[in-house]
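S.K.:
Residue numbers (UniProt numbering), protein chains in the order written: chain R, 1 to 282; chain U, 1 to 282.
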């Protein structure tokens with residue numbers, strides 16, 4: 001049986017590269033096929049609806065931070081999505097265009113995160129170009145061959161796939177740019193060195209967040225990430241996404257910390273425990 | 001002497017509306033003039049460079065969350081920017097266009113936050129339209145009169161200023177949409193019911209964030225907001241922005257909590273203590 005893996009498309013995105021890296025590292029011998037989706041929310045909904053067995057979605061970037069659509073969607077979906085693996089990818093953005101040189105470029109297309117990750121470079125080298133926010137870094141590539149006034153911020157790999165020239169390499173503002181992806185499915189995950197949980201608090205609990213985080217800290221469990229997102233109920237009302245460092249030695253402490261959180265918080269979603277694969281070269 | 005107030009331009013932005021509301025509420029009798037800037041970073045840099053006495057910048061929205069450019073810039077600037085006041089504005093987005101109806105619209109311009117705040121509406125009513133991320137909600141308005149295939153997400157106030165028709169009112173996905181702005185200057189602020197601080201931790205401190213937040217919680221000081229941003233050093237390394245509820249009864253506790261944080265954290269920036277003005281109707 002072929003395993004279907006959903007990712008943000010069209011072909012050539014960093015999400016697709018992460019999906020290929022995941023299949024290579026973790027699904028050796030399993031026949032798999034990739035299924036692109038037009039945006040991150042639809043990719044996650046495809047897992048919930050069992051259209052695909054697995055989805056690969058970006059979670060956070062080392063420069064621009066959390067991918068808000070991923071956090072907001074996994075919180076909102078009723079299905080209990082579970083993280084199977086984290087995949088960390090090095091990001092090297094390139095300016096892709098058939099233009100002869102930068103002076104001809106009037107518009108630059110990419111995903112908002114990629115545009116942000118190259119904002120200083122764009123300000124310096126293409127101050128007059130209009131920046132167009134696409135759903136992905138590759139959405140515009142199919143139209144670039146016919147448009148010498150346009151460019152896209154994408155990867156060298158994507159440029160090769162679309163047979164387009166790379167005009168400038170390595171245009172990220174910070175050379176050490178990485179993105180973390182999650183491989184998500186409906187299968188429960190129980191073991192791994194990282195556990196991800198999201199929760200909302202009953203409103204107006206004084207010291208509420210510190211109390212909630214204390215359930216973990218007081219048991220010697222370290223938090224490697226805390227991110228807040230608006231609950232969308234009112235200004236100042238948040239959800240919290242936390243990653244907890246875990247291993248087989250402290251799973252009893254984790255269980256009791258989670259039980260305390262369950263009793264204290266309004267809603268808790270446990271996205272499971274998983275390991276991280278770091279990809280050095282694509 | 002005329003007080004210069006910088007804000008994200010061009011004229012008509014929500015930042016300008018917040019600046020006008022601030023001047024009305026807090027600068028009665030003071031002659032002031034508004035100075036638009038092309039992006040948020042330049043607005044804040046203008047205060048640091050004393051080009052303007054005050055800047056009004058968006059901080060967070062009740063639906064889309066933190067405005068990352070504001071957080072990243074006030075952290076990076078060497079000048080000690082101080083928050084004088086928070087201003088909360090109701091946000092009612094409108095679709096502005098000279099098009100006869102929605103079927104003619106091929107592109108929609110706005111600030112990325114506004115595009116995100118209307119993403120469900122756009123998906124449903126303008127699924128084929130290209131979304132263009134501008135530096136502000138009003139950057140495209142000057143060109144709309146000549147372009148019946150284009151629309152902008154902006155306010156009714158901005159449409160009136162540019163003498164453009166409002167095609168659809170109230171297109172935000174969540175009707176209860178508010179944005180908080182900060183009025184920022186170089187003048188030290190010492191009193192108010194909210195205190196904003198940002199800090200980075202020495203790397204690999206286990207339980208570091210909980211320890212840092214505990215300095216406040218253990219003294220009965222409530223945190224109304226915790227937001228993490230990448231330090232841009234490496235994936236998993238963060239800065240934290242916190243808002244502390246304060247009043248004249250607990251300023252001694254605040255002082256000692258901040259002293260503990262100063263000793264414990266790597267870098268601490270105190271943006272001052274201030275009150276909040278809530279604007280009901282623009």
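Quick reminder that beta carbons are idealized off the backbone N, C-alpha and C, glycines included.
1. Starting from the beta carbon of residue 112/R, find every residue of chain U whose beta carbon is closer than 8 angstroms, and list them in chain order.
2. Per DSSP, residue 94/U is paired with what?
3. Using DSSP with H/G/I as helix, E/B as strand and the rest coil, what is residue 284/U?
4. Which residues, taken in chain order from the region 176–202 of chain R, show a beta carbon closer than 7 angstroms to some beta carbon of chain U?
5. Would you check if the region 124–141 of chain U and the region 9–21 of chain U touch, i.e. whether three or more CB-CB distances between them fall below 8 angstroms?
6. Report yes or no: do three or more beta-carbon pairs, one from the region 29–36 of chain U and one from the region 101–110 of chain U, lie closer than 8 angstroms?
7. In terms of alpha-carbon separation, which member of 215/U, 199/U, 125/U, 182/U lies closest to residue 167/U?
8. Sorted by chain position, which residues of the same chain lie with C-beta nearer than 7 angstroms to residue 144/R's C-beta, five sequence neighbours on each side aside?
9. Do you know offhand how far residue 259/U's Cα is from residue 236/R's?
10. What residue from 44/R, 21/R, 24/R, 29/R has the CA that sits closest to residue 186/R's CA?
11. Taking just the CA atoms, how far does residue 123/U sit from residue 182/R?
12. Can you tell me which of the three DSSP states residue 269/R falls into?
13. Can you pull the chain R neighbours of residue 36/U, defined as C-beta to C-beta under 8 angstroms?
14. Please state whether the Cβ-Cβ distance between residue 243/R and residue 273/R is less than 8 angstroms.
15. Do residue 193/U and residue 92/U come within 8 angstroms of each other at the CB atom, strictly closer than that value?
16. If you reduce the DSSP assignment to three classes, tell me which class residue 33/U lands in.
17. Of all the CB atoms in chain B, is at least one closer than 8 angstroms to the CB of residue 10/R?
18. What is the DSSP secondary structure of residue 107/R, reduced to helix, strand or coil?
19. List the whole-angstrom C-beta distance separating residue 62/R from residue 247/R, where the pair is believed to meet the contact cut-off of C-beta under 8 angstroms.
20. Between the region 45–64 of chain U and the region 40–57 of chain R, can you find at least three pairs of beta-carbon atoms closer than 8 angstroms?
21. In the DSSP assignment, the alpha helix (DSSP H) including residue 171/U goes from what residue to what residue?
22. Which of the three DSSP states, helix, strand or coil, is assigned to residue 259/R?
23. List the residues of chain R that residue 224/U touches, going by C-beta distances under 7 angstroms, in chain order.
24. With a threshold of 7 angstroms on Cβ separation, who are the neighbours of residue 116/U within its own chain once the five nearest residues in sequence on each side are excluded?
25. Which same chain residues end up closer than 6 angstroms to residue 23/U when comparing Cβ atoms and leaving out the 5 residues on each side of it in sequence?
26. What distance in whole Å lies between the Cβ atoms of residue 266/U and residue 170/U, which are believed to be in contact at a cut-off of 8 angstroms?
27. Can you confirm whether residue 63/R, when its beta carbon is compared against all beta carbons of chain U, has any partner nearer than 8 angstroms?
28. Around the Cβ of residue 100/U, are there at least 16 other Cβ atoms within 10 angstroms (buried) or fewer (exposed)?
29. Taking the C-alpha atoms as reference points, what is the distance between residue 213/R and residue 114/R?
30. Taking the straight line between their C-alpha atoms, what separation do you get for residue 189/U and residue 69/U?
31. Taking just the CA atoms, how far does residue 209/U sit from residue 220/R?
32. Can you pull the chain R residues whose beta carbon is under 8 angstroms from the beta carbon of residue 213/U, in chain order?
33. Could you check whether the Cβ of residue 227/U sits closer than 8 angstroms to any Cβ belonging to chain R?
34. Closest Cβ-Cβ distance between residue 254/U and chain R: below 8 angstroms?
35. Could you tell me the boundaries of the alpha helix (DSSP H) in which residue 112/U lies?
M.R.: Once the coordinates are examined:
1. 112, 133
2. 154/U
3. Residue 284/U lies beyond the range of chain U shown here (1 to 282); nothing can be said about it.
4. 176, 178, 180
5. yes
6. no
7. 125/U
8. Only 96, 97, 98, 150, 152, 164 meet the Cβ criterion.
9. 26 angstroms
10. 44/R
11. 25 angstroms
12. strand
13. Result: empty, since nearest Cβ-Cβ is about 17 angstroms, beyond 8 angstroms.
14. Note that the C-beta distance between residue 243/R and residue 273/R is not below 8 angstroms.
15. It is not a contact, given that the beta carbons lie outside the stated cut-off.
16. strand
17. Among the chains of the structure shown, chain B does not appear; the protein chains present are R and U.
18. strand
19. Not really, about 24 angstroms apart at Cβ, beyond 8 angstroms.
20. no
21. Looking at the DSSP string, residue 171/U is not in any alpha helix (DSSP H), and its letter there is neither H nor E.
22. helix
23. 236
24. 64
25. 32
26. Between residue 266/U and residue 170/U the Cβ distance is about 45 angstroms, and since that is not below 8 angstroms, they are no contact.
27. yes
28. exposed
29. 32 angstroms
30. 23 angstroms
31. Rounded to whole angstroms, residue 220/R to residue 209/U spans 13 angstroms at the Cα level.
32. 209, 210, 213
33. Yes, contact with chain R.
34. no
35. 112–117
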